[in-house]
Amino acid sequence: MSRKFALRDIGRVPVVEEKGSRKVIGVITRSDIVSAYNRYLLKEEGGFF
0 MSRKFALRDI GRVPVVEEKG SRKVIGVITR SDIVSAYNRY LLKEEGGFF
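In terms of numbering that gives the first Met the number 0, the sequence shown is residues 0 to 48.
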């Protein structure tokens, strides 16, 4: 997903209730994805130190 954001210069995408729905229930930003990835890396590596 992050690669698609970068390749198409997308800053945010809507989150819909279910596939095919037009009801927006949230928004995911590029920074949300980067933050989640960083948290994942920290967890896998056992933190900073």
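Each residue gets a CB set at the ideal place from its N, CA and C atoms; glycine is no exception.
Boundaries of the alpha helix (DSSP H) in which residue i is found, first to last residue
i, result
"R38", "29 to 44"
Secondary structure of residue i, DSSP reduced to three states
i, result
"R11", "strand"
Contact belief for residue i with residue j at Cβ below 8 Å, rounded distance in angstroms
i, j, result
"G25", "V14", "4 Å"
"I27", "R11", "7 Å"
"I9", "K3", "7 Å"
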